[in-house]
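So the working numbering is basically just the index in the sequence shown, starting at one, shifted up by 176.
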Amino acid sequence: MNNKLALKDEILLTIDKPARYIGNEVNMVRKNPDDVKIRVAFAFPDVYEIGMSHLGIQILYHQFNLRDDVYCERVYSPWPDLHKIMKEQDIPLFALETQDPIRDFDFLCMTLQYELCYPNILQILDLGKIPLKACQRTDDMPIVIGGGPCTYNPEPIADFFDIFYIGEGETVYDDLFDLYNRMKEDDSYNRHDFLHEAAKIPGLYVPAFYEVSYKQDGTIADFRPIYDDIPATIHRQVVENMSESVYPDKPLVPFIKVTQDRVVLEIQRGCIRGCRFCQAGMVYRPLRERSLEMLKEKAYQMLTNTGHEEISLSSLSSSDYTCLEELLTFLIDEFKDKGVNISLPSLRIDAFSLDVMSKVQDIRKSSLTFAPEAGSQRLRDVINKGLTKENILHGAGLAFEGGWNKVKLYFMLGQPTETVEDMKAIGELAEEIAERYYEIPKDQRNGKCQITTSTSFFIPKPFTPFQWARMYTNEEYISRAAIVKHAFNEQLNRKSLKYHWHDAEVTVLEGVFARGDRKTSEVIKEAYRLGCLYDSWSDQFDNEKWMQAFENTGIDIAFYNHRERPLDEVFPWDFIDIGVTKEFLKREWNQAMNAEVTPNCRMKCSGCGVAKWKGGVCVESKN
177 MNNKLALKDE ILLTIDKPAR YIGNEVNMVR KNPDDVKIRV AFAFPDVYEI GMSHLGIQIL
237 YHQFNLRDDV YCERVYSPWP DLHKIMKEQD IPLFALETQD PIRDFDFLCM TLQYELCYPN
297 ILQILDLGKI PLKACQRTDD MPIVIGGGPC TYNPEPIADF FDIFYIGEGE TVYDDLFDLY
357 NRMKEDDSYN RHDFLHEAAK IPGLYVPAFY EVSYKQDGTI ADFRPIYDDI PATIHRQVVE
417 NMSESVYPDK PLVPFIKVTQ DRVVLEIQRG CIRGCRFCQA GMVYRPLRER SLEMLKEKAY
477 QMLTNTGHEE ISLSSLSSSD YTCLEELLTF LIDEFKDKGV NISLPSLRID AFSLDVMSKV
537 QDIRKSSLTF APEAGSQRLR DVINKGLTKE NILHGAGLAF EGGWNKVKLY FMLGQPTETV
597 EDMKAIGELA EEIAERYYEI PKDQRNGKCQ ITTSTSFFIP KPFTPFQWAR MYTNEEYISR
657 AAIVKHAFNE QLNRKSLKYH WHDAEVTVLE GVFARGDRKT SEVIKEAYRL GCLYDSWSDQ
717 FDNEKWMQAF ENTGIDIAFY NHRERPLDEV FPWDFIDIGV TKEFLKREWN QAMNAEVTPN
777 CRMKCSGCGV AKWKGGVCVE SKN
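Here it is in structure tokens:
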């Protein structure tokens, strides 16, 4: 393997963090490209530090490279300083491992984690010298595949991808690679025929082979395949046994400090809770746990093979993992003396969790996180949060008595049925938590308490019970945040309370692309042409350019954001079957309107549809 670099020294010396572009990290896979049949460039359409923190790529990088006939390499979005140089000097975008241009690869796979990375998709194609639109690509160009959470509504970016992989990546990639090898070997390969055959593989959606027609009001009339031998419905691919699925034992170790510099152990996938705003909680059903034995083995291998000093247990709700106590006891006994920190996101704050956290955290420095999501009990019932004020105050009280004095609270503004009283209740709840702290005798307190509250703005996501909900204008969101801010200023303990809110302009864009149809792709293309890039970075985001792109393309934000959808409207994503049925989502929407709570999956099955896979939590009680 050569040690050539795609960028000359004089370029590397002038750009920010050149280590983003040179490869050669610890645990990087080395193969001779001449010895493999398939070359895959796996792209994360954001900067290296974000992409290197992403578990999904680590899993698939490991899985693909287990195959002798495949060499999977990585590519990340160049930062704007290098983007400019590559454009000016006509340097093609390259993969880190071999530093070869990505245009020479067989596949370019991209993981799509959030809507604001969409212009970065076009950056990768553009710098890679691959036509932006799939219909303009020829036989000698890579097949461009999109996967990840944003593919649950792929339509706004459908024009830019040859294939979308709908579901969990561990399942049908082997079938796709085998098909590619067969067609290459008998010289029958052409791009169109390969895509036609690929469209027959479960979970693979080839947008070019599906036609959309619209009604006069702009909503979808019909969506259908143009060939009889490809499915009209795409079924999400699911890993049924998490303990037997692939998982890296030698994760890549970045050269520079990244967002999450730690070993990540995914303890389970899915969630039993059923929050009505949460897409992940719906699309990753059913909850499936990894076995204690597997997790112990992987924790040991990954910490040994990386030298990381922190391990994070990843899941949507870690407290629901049935072997959590045994796993934590093992990690503490095995690694605490070796200077390894254990981080536990997504825990419910109860006596057990606090006991564990006191063993693994420096209480003086750490803050506890609660996500009530709504200030009033009524609105928490509407969103099915399953948390009462008593739960929250009890948990905070236990924490304060255990020595903590910093609490972070997360809420959402703009949720369905929200009233001014619900908004004011956010400040009132923060005040009650502060009061609970000051009930502790002064000599037993750990100084002043600090309650930091953040509100984001609610975005209706596909495949949630709130997918029918309306959104608001930028001005309306800001006025809601102002109501909350005013409520904070009125509290007695306001010196102990801090309040931040998210950017409303970004929310408006995310709303359009979360539920947009194919017509919205023109806005993304125009925004990229106008210079939009790295829009999830507040210092790079330029709302004026985006508004100009909407104006130039004649796309109406109000059509996508400001109307409540009728229950019989055809959605752009209705051709995807995620397992959870539309009937269940409608039922949940109606229950939300009545502020009725649905119990979690372990308390009572609510018949959402995913039991058809006969796995995970759906069969636990029957074993």
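Think of the CB as a built atom: it goes at the ideal place given N, C-alpha and C, for glycine as much as any other residue. These numbers come from a predicted model, not from an experiment.
For Arg279, there is no enclosing beta strand (DSSP E), since its DSSP letter is neither H nor E.
For Phe751, the closest alpha carbon among the candidates Pro268, Phe639, Gly515 is that of Phe639. In this structure, Phe689 sits away from Gly394, with a CB-CB distance that is not shorter than 8 Å. The distance from the Cβ of Gln436 to that of Ser229 is about 4 Å, consistent with a contact at the 8 Å cut-off.
In this structure, DSSP gives Glu473 a helical state, which the three-state scheme calls helix. Just so you know, the alpha carbons of Asp316 and Tyr365 end up roughly 10 Å apart.
As the crow flies, the alpha-carbon of Leu523 is around 38 Å from that of Trp722.
Listed in chain order, the alpha helix (DSSP H) runs fully inside the region 270-351 are 294-303, counting runs of at least 4 residues. At a cut-off of 3 residues, the continuous stretches assigned as beta strand (DSSP E) that sit fully inside the region 533-597 are 544-549, 582-589. Note on His368: under 16 other CB atoms within 10 angstroms of its CB, so exposed under the neighbour-count rule. The distance from the Cβ of Val583 to that of Phe546 is about 7 Å, consistent with a contact at the 8 Å cut-off. Scanning Glu651, Asp598, Lys624 for the CA closest to the CA of Ala610 turns up Lys624. The Cβ atoms of Gly343 and Gln275 do not sit closer than 8 Å to each other. Exclusion of the five residues before and after Ala271 leaves Ala217, Glu249, Val251, Ile278 as the residues of its chain whose Cβ lies within less than 6 Å of its Cβ. Glu486 and Val440 have their C-alpha atoms some 9 Å from each other. By the neighbour-count criterion, in which a residue is buried when 16 or more other Cβ atoms sit within 10 angstroms of its Cβ, Lys561 is buried.
The continuous beta strand (DSSP E) containing Trp677 extends over residues 673-677. In this structure, DSSP gives Glu416 a state outside helix and strand, which the three-state scheme calls coil. According to the DSSP assignment, Val216 belongs to the beta strand (DSSP E) that extends over 214-220.
Around Ser389, the same chain offers Ala397, Asp398 as residues with beta carbons nearer than 7 Å, after the five sequence neighbours per side are excluded.
Out of Tyr497, Leu428, Lys426, the CA that lies nearest to the CA of Arg445 is found in Tyr497. Val459 sits in a helix when the DSSP states are folded into three classes.
In this structure, DSSP gives Tyr613 a helical state, which the three-state scheme calls helix. Each of Glu594, Gln667, Leu668, His678 was checked against the Cα of Arg646, and the nearest Cα belongs to Glu594. For Pro401, the enclosing beta strand (DSSP E) begins and ends at 396-401. Note that the C-beta distance between Ile261 and Ile187 is below 8 Å. Note that the region 278-291 touches the region 229-246; at least 3 beta-carbon pairs, one per stretch, sit closer than 8 Å. For Leu709, the secondary structure class from DSSP, reduced to helix, strand or coil, is coil. Here DSSP, grouped into helix, strand and coil, assigns Ile191 to coil. According to DSSP, Asn517 shares a beta bridge with Glu486. In this model, Leu352 and Gly379 are separated by some 11 Å (Cα to Cα). Beta-bridge analysis with DSSP links Phe431 to no other residue. Assigned with DSSP and collapsed to three states, Phe633 falls in strand. A straight-line Cα-Cα distance of about 28 Å links Glu652 and Ile333. In the DSSP annotation of this structure, Val684 is not part of any beta strand (DSSP E); the continuous alpha helix (DSSP H) holding it starts and ends at 680-691. At the C-beta level, Ala195 and Phe431 come within 8 Å of one another.
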